[in-house]
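> Residue numbers (our numbering): 1 to 512.
Structure below.
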């Protein structure tokens with residue numbers, strides 16, 4: 001039995017009834033709530049190694065350097081290009097590169113909130129279910145952290161996953177494939193959850209020859225998006241770099257651990273990114289799978305809503321199974337957040353249908369309470385590490401003079417904050433990248449060190465100096481460790497003189 005809310009939402013989502021200019025007001029209202037929560041978090045989060053990598057890659061793209069040529073990295077090219085648009089906007093407006101990149105990511109997060117509402121509303125034919133989905137998404141600390149604390153490829157990827165889910169729900173198979181390819185071109189592991197979802201959606205919801213047609217359309221959408229990206233790399237003469245960074249590096253030289261191993265060896269890693277909301281993530285994922293099983297057993301598989309719920313459950317289960325063998329940190333769980341949010345929205349829809357007449361009050365109370373808790377938690381945990389890092393970095397760069405240069409060995413933060421360029425393409429050496437360079441770079445890792453030595457930068461920065469033994473000869477020959485800032489260690493050229501070296505030590509010891 002449908003509630004009034006359910007019936008209204010079902011009428012609103014009937015094909016052809018709502019025109020493009022007719023906007024469901026719940027969408028923008030919930031998006032505004034999301035924006036408030038994101039602004040409560042702010043832009044002051046620490047610029048860590050990975051975030052700085054994508055910010056730097058974006059700056060290089062804005063300067064006309066193609067992805068992978070500006071900095072070699074394992075993620076997809078859109079992980080470079082999207083922050084690059086942020087840097088281009090900053091250059092046009094005269095604003096700070098990093099803050100503008102973070103503002104762009106916040107804008108993408110707001111769009112993700114709106115689309116998640118539409119996804120929850122249309123899947124379960126209930127505005128309240130859509131609102132519960134949004135409230136759940138906004139409660140996920142990892143999502144809010146990256147909304148204004150990036151740039152990180154996971155933000156773009158998650159938005160594209162939501163787009164793929166919407167396309168599957170509405171059986172727009174070409175656009176589902178297109179969105180899946182774009183998500184994969186942002187972060188490759190997104191492929192496994194989304195392709196399992198799309199194929200399941202076709203096979204479950206279609207009949208006879210329509211199944212083959214649907215699968216072909218998914219494939220054509222993926223091919224179209226990939227072809228457009230390939231044409232871009234051909235046009236800029238960087239096809240080899242695209243092949244090496246996007247495919248070869250991942251296929252041959254990537255070492256990764258799995259979810260089970262991580263839970264054993266680093267049991268607090270995932271909770272460090274999600275806090276209390278990790279339990280909401282788990283509950284949402286379980287609910288997504290359970291709702292899929294329920295729709296399979298008791299639903300009408302020809303109905304696009306039930307078929308989509310089944311597809312979402314299969315996508316959830318598929319990525320969880322993939323994560324057992326490949327999972328490198330809490331950020332890898334971001335791809336599952338839309339599925340978890342929809343899972344909780346689906347539970348809300350069940351309550352609406354089963355708990356009469358108070359179901360609407362229960363779901364509304366859940367939505368309001370979760371949003372309030374999310375807002376309070378976001379404000380209480382609001383970060384402010386960026387300002388001292390920027391102040392220290394600015395002081396260090398200014399002290400070295402206008403000709404200052406920096407070589408990053410796992411620490412791109414000064415490059416981003418100082419708008420500097422690394423002397424070589426490579427600055428990341430973890431999880432197999434070190435082995436890749438030792439095998440493919442002229443002279444191996446010693447050749448990398450020699451290239452840095454030849455450039456003779458003013459500073460060398462490292463995230464974990466003990467990891468880079470092959471840099472020891474260069475450091476010993478020319479550089480002095482002068483201190484550690486919030487997230488990396490500085491080495492300064494001894495030719496600057498002991499007086500300046502002492503000033504540098506004082507800056508890093510005393511802080512800004």
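Positions of the beta carbon are idealized from the N, C-alpha and C atoms, including for glycine.
Indicate the three-state DSSP secondary structure (helix, strand or coil) for residue 492 in the structure shown.
Against the chain shown, residue 492 aligns to sequence position 492. Strand, per DSSP.
> Tell me whether residue 266 sits in a helix, a strand or coil according to DSSP, three-state version.
By one-based count along the chain shown, residue 266 stands at place 266. Three-state DSSP puts residue 266 in coil, outside helix and strand.
> Taking the alpha-carbon positions, what's the residue 400 to residue 495 distance?
Counting from one through the chain shown, the residue named residue 400 turns up at place 400. Counting from one through the chain shown, the residue named residue 495 turns up at place 495. The alpha-carbon atoms of residue 400 and residue 495 are separated by roughly 11 Å.
> Under 7 Å Cβ to Cβ from residue 202, same chain only, skipping five residues before and after it: list those, please.
Locating residue 202 in the chain shown gives position 202, counting from the first residue. Here the set comprises 173, 211, 214, 215, 218.
> I need the straight-line Cα distance from residue 261 to residue 95, nearest angstrom please.
Position 261 of the chain shown holds residue 261. Position 95 of the chain shown holds residue 95. So the two alpha carbons sit approximately 43 Å from each other.
> For residue 466, count the other beta carbons within 10 Å of its own beta carbon; 16 or more makes it buried, fewer makes it exposed. Which is it?
Position 466 of the chain shown, counted from the start, is the residue given in the question as residue 466. Classification for residue 466: exposed.
> For residue 151 versus residue 67, is the C-beta distance shorter than 8 Å?
Here residue 151 is taken as the residue at index 151 of the chain shown, counted from 1. Here residue 67 is taken as the residue at index 67 of the chain shown, counted from 1. Not closer than 8 Å, so no.
> Just the C-alpha distance for residue 280 and residue 198, rounded to the nearest angstrom, thanks.
Translated into positions along the chain shown, residue 280 becomes position 280. Translated into positions along the chain shown, residue 198 becomes position 198. Computed Cα separation, rounded: 25 Å.
> Are the CB atoms of residue 318 and residue 192 within a distance shorter than 8 Å?
Position 192 of the chain shown, counted from the start, is the residue given in the question as residue 192. Position 318 of the chain shown, counted from the start, is the residue given in the question as residue 318. Closer than 8 Å, so yes.
> For residue 424 and residue 444, I'd like the C-alpha separation in whole angstroms.
What you label residue 424 is simply residue 424 of the chain shown in a count that begins at 1. What you label residue 444 is simply residue 444 of the chain shown in a count that begins at 1. When rounded, the distance between both Cα atoms is 14 Å.
> Quick check on the burial criterion: 16 or more other C-beta atoms within 10 angstroms. Buried or exposed for residue 368?
Along the chain shown, one-based indexing puts residue 368 at 368. Classification for residue 368: exposed.
> According to DSSP, which residues form a beta bridge with residue 483?
For the purposes of this step, residue 483 is taken as residue 483 along the chain shown, with counting starting at 1. According to DSSP, residue 483 bridges with 490.
> Can you tell me whether DSSP reads residue 468 as helix, strand or coil?
Numbered from its first residue, the chain shown carries residue 468 at position 468. Here residue 468 sits in coil by DSSP.
> Chain D beta carbons: is any one of them nearer than 8 Å to that of residue 86?
Among the chains of the structure shown, chain D does not appear; only one protein chain is present.
> Under a three-way DSSP split, which group does residue 72 fall into?
In the chain shown, residue 72 corresponds to position 72, counting from 1. It is coil, neither helix nor strand.
> Check whether the stretch 365-379 and the stretch 133-152 are in contact - that is, three or more C-beta pairs closer than 8 Å.
Yes: at least three Cβ pairs fall under 8 Å.
> Apart from the five residues on each side of it in sequence, which residues of its chain come closer than 8 Å, Cβ to Cβ, to residue 230?
The sequence position of residue 230 within the chain shown is 230, counting from 1. Answer for residue 230: 239, 242, listed in chain order.
> So, helix, strand or coil for residue 408, using DSSP?
Your numbering for residue 408 matches position 408 in the chain shown. In this structure, residue 408 counts as strand in the three-state DSSP scheme.
> Which whole-angstrom value is the C-beta distance of residue 154 and residue 187, which I expect to be below 8 Å?
Mapped onto the chain shown, residue 154 falls at position 154. Mapped onto the chain shown, residue 187 falls at position 187. Between residue 187 and residue 154 the Cβ distance is about 7 Å, and since that is below 8 Å, they are a contact.
> Just confirm the distance between the C-beta atoms of residue 292 and residue 274, as a whole number of angstroms; I'd bet it's less than 8 Å.
Locating residue 292 in the chain shown gives position 292, where the first residue counts as 1. Locating residue 274 in the chain shown gives position 274, where the first residue counts as 1. That belief does not hold up - the Cβ atoms of residue 292 and residue 274 are roughly 23 Å apart, past 8 Å.
> Residue 289: which of 321, 272, 304 sits nearest, CA to CA?
Here residue 289 refers to the residue found at position 289 of the chain shown. Among 321, 272, 304, the Cα nearest to that of residue 289 is on 321.
> Residues in its own chain within less than 7 Å of residue 287 by CB, not counting five upstream and five downstream?
By one-based count along the chain shown, residue 287 stands at place 287. So the list reads 343, 344, 346, 347, once near-sequence residues are dropped.
> Does DSSP put residue 460 in a helix, in a strand, or in coil?
Working through the chain shown from its first residue, we reach residue 460 at position 460. Residue state, collapsed to three classes: strand.
> Per DSSP, what kind of secondary structure is residue 580 in: helix, strand or coil?
The displayed coordinates of the chain run from 1 to 512. Any statement about residue 580 would go beyond what the structure contains.
> Near residue 514, which residues of its chain fall below 8 Å by C-beta distance, leaving aside the five closest residues on each side in sequence?
The structure shown has nothing for residue 514, since the chain only spans 1 to 512.
> Please tell me whether residue 406 and residue 415 are closer than 8 Å, where the distance is taken between their beta carbons.
Your numbering for residue 406 matches position 406 in the chain shown. Your numbering for residue 415 matches position 415 in the chain shown. Their beta carbons are under 8 Å apart, which means residue 406 touches residue 415 by this criterion.
> Can you check whether the CB of residue 249 is closer than 8 Å to the CB of residue 74?
Here residue 74 corresponds to residue number 74 of the chain shown, with the count starting at 1. Here residue 249 corresponds to residue number 249 of the chain shown, with the count starting at 1. Result yes, Cβ atoms of residue 74 and residue 249 sit closer than 8 Å.
> Return helix, strand or coil for residue 41, following the three-state DSSP convention.
As a working mapping, residue 41 is identified with position 41 in the chain shown. In the structure shown, residue 41 sits in a helix (DSSP, three-state: H, G or I).
> Can you check which of these residues, 34, 265, 65, is closest to residue 235 by C-alpha distance?
Position 235 of the chain shown, counting from 1, holds the residue named residue 235. Cα-wise, what sits closest to residue 235 is 65.
> CB residue 316 to CB residue 285, shorter than 8 Å?
Taking the chain shown and counting its residues from 1, the one referred to as residue 316 is at position 316. Taking the chain shown and counting its residues from 1, the one referred to as residue 285 is at position 285. It is a contact, given that the beta carbons lie within the stated cut-off.
> Looking only at its chain, what residues have a beta carbon closer than 6 Å to the beta carbon of residue 295, apart from the 5 residues adjacent to it on each side?
Walking along the chain shown from the start, residue 295 turns up at place 295. Around residue 295: 306, 309, 310.
> Among 72, 169, 334, whose alpha-carbon lies nearest the alpha-carbon of residue 428?
Start at 1 with the first residue of the chain shown, and residue 428 comes out as number 428. The option with the nearest alpha carbon to residue 428 is 72.
> Would you call the CB atoms of residue 46 and residue 118 closer than 8 Å?
Position 46 of the chain shown, counting from 1, holds the residue named residue 46. Position 118 of the chain shown, counting from 1, holds the residue named residue 118. Not a contact, by the Cβ cut-off of 8 Å.
> Would you kindly work out how many angstroms separate the C-alpha atoms of residue 488 and residue 146, rounded to a whole number?
Counting from 1 along the chain shown, the entry for residue 488 is found at position 488. Counting from 1 along the chain shown, the entry for residue 146 is found at position 146. Using only the alpha carbons, I get a separation of about 21 Å.
> Can you tell me whether residue 66 is helix, strand or coil according to DSSP?
Translated into the one-based positions of the chain shown, residue 66 becomes position 66. Note: residue 66 maps to coil in three-state DSSP.
> Please state whether DSSP places residue 238 in a helix, a strand or coil.
Here residue 238 refers to the residue found at position 238 of the chain shown. Three-state DSSP puts residue 238 in coil, outside helix and strand.
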